[in-house]
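Asks: Once you've had a glance at the structure underneath, I'll fire off some questions.
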Amino acid sequence: MNGSGKQKLSVIGKSQKPRCFKNVKKLLVDYKSNKKAWMTSDLFQKYLRQWDKELAKKKRKIVLLIDNCTAHIEPSNLQWVKVVFLPLTNTTSVLQPMDQGVIRSLKCHYRKQLILRILECYDKNED
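Listed below in structure tokens is the structure:
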């Protein structure tokens, strides 16, 4: 394992075509939308099916550990993704990485990188 199989960051927003993306030619994230900007079971299943297709092309099998969320429903007929759900017991805050500050840390890192990228683009236009 070397991290070469990392997926694009998935972002769920409220607007189908946000105005802030108006002049953006290529997003660095996989952007989806719904009314509440929540992960839904439909979005989750589509995501897993698409990932399964990508893995099939590479002939690569993976195990995906998933926390407890109503949107996390395992689609049938996945051949390259094995879904394993974390236990439902009272250990969720200890076992589930999202409850350990992973989301907050990811958001901070993403925002920092975004600001650095904006400043880099700004500096290039100044010269």
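Letter 43 of the sequence shown, counting from 1, is numbered 43 in UniProt numbering, and no numbers are missing. Every residue gets a Cβ at the ideal spot worked out from N, C-alpha and C, and that includes glycine. It should be emphasised that the depicted structure is a prediction, and the values quoted were computed from it without experimental measurement.
(1) Where does Val-102 fall in DSSP's three states?
(2) With the cut-off set at 8 Å, would you say Asp-123 and Val-81 are in Cβ contact?
(3) When you compare the stretch 32–45 with the stretch 71–79, are there three or more beta-carbon pairs, one atom per stretch, that lie closer than 8 Å?
(4) By DSSP's criteria, Tyr-31 is part of a beta bridge. Which residues make up the other side?
(5) Sorted by chain position, which residues of the same chain lie with C-beta nearer than 8 Å to Ile-62's C-beta, five sequence neighbours on each side aside?
(6) How many angstroms separate the CA atom of Lys-35 from the CA atom of Pro-18?
(7) Just mark Leu-48 as buried or exposed, buried being the case when its beta carbon has 16 or more other beta carbons within 10 Å.
(8) Just curious, the beta strand (DSSP E) that Leu-65 is in, first and last residue?
(9) Measuring CB to CB, does Val-29 end up less than 8 Å from Lys-8?
Replies: Looking at the coordinates:
(1) It is helical.
(2) In this structure, the beta-carbon distance from Asp-123 to Val-81 does not fall below 8 Å.
(3) Judged by Cβ distances under 8 Å, the stretch 32–45 makes contact with the stretch 71–79, as three or more pairs qualify.
(4) Val-11, per the DSSP bridge assignment.
(5) Answer for Ile-62: Gly-5, Leu-55, Trp-80, Val-81, Lys-82, listed in chain order.
(6) Taking the straight line joining both Cα atoms gives about 13 Å.
(7) The residue in question, Leu-48, is buried, as its Cβ has 16 or more Cβ neighbours within 10 Å.
(8) In the DSSP assignment, Leu-65 falls within the beta strand (DSSP E) that extends over 62–66.
(9) Yes, Cβ-Cβ distance for Val-29 and Lys-8 is below 8 Å.
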